[in-house]
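S.K.:
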Amino acid sequence: MNKEIKGEDILDFAIEIEMNGYAFYTETAKKFDNLKTIKLFHLLAEQELKHEMFFKQLKEKRPNFDSSETLEASYEIFKKDFLQTYMFGDSGETSNRIKSVATVEEAIDLAINFEKDTVVLYSSIKKHITDKNQDLIEKIINQELSHIGRLLELRKNYNQEFTQDEDH
């Protein structure tokens, strides 16, 4: 039985994702001494907070989602599979991941995967939203992509610094 997907469900999940991303970045930053890493993680946390506020405001506007056979057919998959396998879709799982992070490399890799998952989800949302909020979601997608770029740069620089330290 197909069930029409509700925009509210997607936006609730987007809000939770942003809250969990904020928690990940702020709590993980506390684990490290490297000022560059701490600053970047706090910057990313601030942006996750802004995204959360955006989705809350969007939810209040009750945007229209374009129902389609594809969207309706994928509703159960979306609810059961994607949301449950999404890296930071569950606050308990996010907390466990934060606790398990022992190195900067692990933190960066988790953050990159989180941001990639977010881009996939928000790209899916954008395809089905019918109003001017598409442009705003596109801006958030671009910010998430820039997060990936900054994290990749941090990983590259961190690896170079680590290799140089080993050479001396």
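Residue numbering for the sequence shown follows the working numbering, starting at 2 and increasing by one per position.
Using N, Cα and C, we set each Cβ at its ideal position, and we do this for glycine too.
Predicted model only: the values in this text are computed from it and were never measured.
Where does leucine 153 land, buried or exposed, given buried means 16+ other C-beta within 10 angstroms?
M.R.: As a first step, residue 153 must be located in the sequence shown, where it is residue number 152. Burial call: exposed.
S.K.: Restricting to Cα atoms, I'd like to know which of Asp34, Lys51, Thr38, Lys128 is closest to glycine 22.
M.R.: For this step, residue 22 is matched to residue 21 along the sequence shown. The shortest Cα separation from glycine 22 among Asp34, Lys51, Thr38, Lys128 belongs to Lys51.
S.K.: Report the rounded CA-to-CA distance for arginine 151 versus isoleucine 126, giving the unit in angstroms.
M.R.: Reading the sequence shown from its first residue, position 150 is the one you call residue 151. Reading the sequence shown from its first residue, position 125 is the one you call residue 126. Whole-angstrom Cα-Cα distance: 24 Å.
S.K.: Alpha carbon to alpha carbon, how far is glutamate 61 from leucine 45? Give it in angstroms, no decimals.
M.R.: Translated into positions along the sequence shown, residue 45 becomes position 44. Translated into positions along the sequence shown, residue 61 becomes position 60. Going by the C-alpha atoms only, they are around 25 Å apart.
S.K.: On the DSSP letters alone, give me the boundaries of the alpha helix (DSSP H) that threonine 104 sits inside.
M.R.: Start at 1 with the first residue of the sequence shown, and residue 104 comes out as number 103. Neither: threonine 104 is in no alpha helix (DSSP H) and is coded neither H nor E.
S.K.: By Cβ distance, which residues of its chain are closer than 7 Å to glutamate 49, with the 5 residues on each side in sequence left out?
M.R.: Taking the first residue of the sequence shown as 1, we reach residue 49 at position 48. Excluding sequence neighbours, glutamate 49 sits near Glu19, Gly22, Tyr23, Tyr26.
S.K.: Quick check on aspartate 34: does DSSP put it in helix, strand or coil?
M.R.: If you number the sequence shown from 1, residue 34 lands on position 33. Here aspartate 34 sits in coil by DSSP.
S.K.: Taking the beta carbon of arginine 63 as the centre, do at least 16 other beta carbons fall within 10 Å, making it buried, or is it exposed?
M.R.: What you label residue 63 is simply residue 62 of the sequence shown in a count that begins at 1. Counting Cβ neighbours within 10 Å, arginine 63 comes out exposed, since fewer than 16 surround it.
S.K.: Within 10 Å of its beta-carbon, does leucine 36 have 16 or more other beta-carbons around it, so buried, or fewer, so exposed?
M.R.: For this step, residue 36 is matched to residue 35 along the sequence shown. By the 10 Å Cβ count, leucine 36 comes out exposed.
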